[in-house]
Amino acid sequence: MVVSLFVGIYVARYLGPERFGLLSYSLSFVWLFSALLDLGNREIIVRELLKHPEQRDLILGSAISLRLGGAVLLGSGVAVGLHFVENDQQTLFMIGIIAVGIMFQSWDLVEYYFQSQVQSKYTVWAQTIQLIVASLIKLALIIWEASLVWFAVVFLIEYVILAVLYLFMYSWRIGWFPIRSCNLKYSQQLLKNSLPLLFTGMATVIYMKIDQIMLKELVGTESVGIYAAAVKLCEAWYPLPVLVAGSLYPAILGAKTTNPELYHSHLQKLYSLLVWTAIALAIPTTLLSDWVISILYGDEFIKSVVILKIYIWASVFVFISVANHKWLVIENYKKYILLTTLLGMGINIVCNIILIPLYGASGAAVATLISYGIGSYGSLLLFPKLRVGFWFATKSFNPFLHFTFTEHHE
């Protein structure tokens, strides 16, 4: 992750705000439609593999048929979306290349299988090899002073390499991937069960990527580059709350049925730990942002300083949203994940429409902060069942709560 971050920064520094903005815009445009590829069925496939390991071939064969259909939907969505924006031939070409690359993510099903078998080391090996090869290619392109299009081609190469490595790992450990084991009825069942998660996934990617699309359309590609440089630094921390919440999840889940008081105590500590981790990251980032941008990106990106100072505080609400997600899943309030995400997405779009013409990239950062705050925190007040979560989040700002997690024993 660290290698990927610094290589990405080196690429941005080489390309400069204008070209880096065009690359970031192309990636964001394709990602708007990425939820159509997996159709929201990741968690369902892992669950099915855990519950019915003897039906492995049926599950994977049916799932890959859905993925191939999802690839067609993704390509169609991108093609339709391009009719609503104006782009030159180079941008259209890059968007097409990236879209084809993302289609190769269909083979992430191999990762799901190894995850269900607690054998993630094989997919980690594949991802590590892919990261090393892709990083070396990007560095070579910089040394050779390659044109912008080649950096889009690297994304295609990355996804192809990972797909090939996944299939190799599967054939090495298990055998040929069961692509012919598709069952139409089972595929339809998977799709039906996935629809709520599909809508949530679509809302989430729009929520996260629409700002860069709107920036390009309302201001220009240079502003996208300035904005994306700051966002890249902030989003580098986003895997952290997922890892923390995942490690504490068993203790919280175990207390749910045995000791309600301990369950609520564990939840409160999770919220507090995540909030103060985010604050601990946001304060030094705010104070050192001038130095960070200057050292990492250079003077061309100096306007990213203001963006970074604003955007880093959205991480507080991103971390809260991770705790919310765990709590809502445990309580089987999954529909509220979609509702709060849709609310945040809508507010994000409205705020961007108002603030971007007035303040440019800084306006987009403020729009993100406002919408994340309402979507992950304020929205909990709107639904009676979620007000408990609102108070968990509110109390988490109390610095005197302790963060010790212990297993409960009868």
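For the sequence shown, the positions run 14 to 423 when our numbering is used. In this text, a Cβ means the ideal position worked out from N, Cα and C, and glycines have one as well.
Could you tell me the distance, in whole angstroms, from the CA atom of Ile-187 to the CA atom of Gln-128?
Between the alpha carbons of Ile-187 and Gln-128 lies a gap of roughly 14 angstroms.
Threshold first: 4 residues or longer. Then list the alpha helix (DSSP H) segments lying entirely within the stretch 216-255, N to C.
Entirely contained in the stretch 216-255, the alpha helix (DSSP H) runs reaching 4 residues are, in chain order, 234-248.
Apart from the five residues just before and just after Leu-351, which ones in its own chain have a Cβ nearer than 8 angstroms to its Cβ?
Pro-209, Phe-212, Thr-213, Ala-216
Give the C-beta separation of Leu-62 and Asn-196 to the nearest angstrom, bearing in mind that I take them to be a contact with Cβ-Cβ under 8 angstroms.
About 15 angstroms separates the two Cβ atoms, so there is no contact after all.
Can you tell me whether Val-13 is buried or exposed, with buried defined as 16 or more other CB within 10 angstroms of its CB?
As shown, the chain starts at 14 and ends at 423. That puts residue 13 outside it, with no answer to give.
Consult DSSP for His-279 and reduce its assignment to one of helix, strand or coil.
Three-state result, His-279: helix.
For Tyr-324 and Thr-381, which I take to be in contact (beta-carbon distance under 8 angstroms), what is that distance rounded to the nearest angstrom?
6 angstroms
In the structure shown, what three-state DSSP assignment does Arg-193 receive?
When secondary structure is reduced to three states using DSSP, Arg-193 falls in the coil class, being assigned neither helix nor strand.
For a test of the three-state rule: what should DSSP assign to Pro-263, helix, strand or coil?
helix
Taking Cβ to Cβ, would you say Ala-374 is nearer than 8 angstroms to Ser-236?
yes
In terms of residue numbering, what span does the alpha helix (DSSP H) encompassing Ile-425 cover?
Residue 425 falls outside the range modelled here, since the chain spans only 14 to 423, and no answer is possible.
Do the stretch 226-233 and the stretch 35-45 make contact, defined as three or more Cβ pairs closer than 8 angstroms?
yes
Mapping the DSSP letters down to three states, classify Ala-159 as helix, strand or coil.
coil
How big is the Cα-Cα spacing for Lys-398 and Ser-37?
39 angstroms
Outcome for Leu-341 when other beta-carbon atoms lying within 10 angstroms are tallied against a minimum of 16
buried
Assuming Arg-80 contacts Ser-119 under a Cβ cut-off of 8 angstroms, what Cβ separation, rounded to an integer in Å, is found between them?
Yes, they are in contact, since the Cβ atoms of Arg-80 and Ser-119 sit about 4 angstroms apart, within 8 angstroms.
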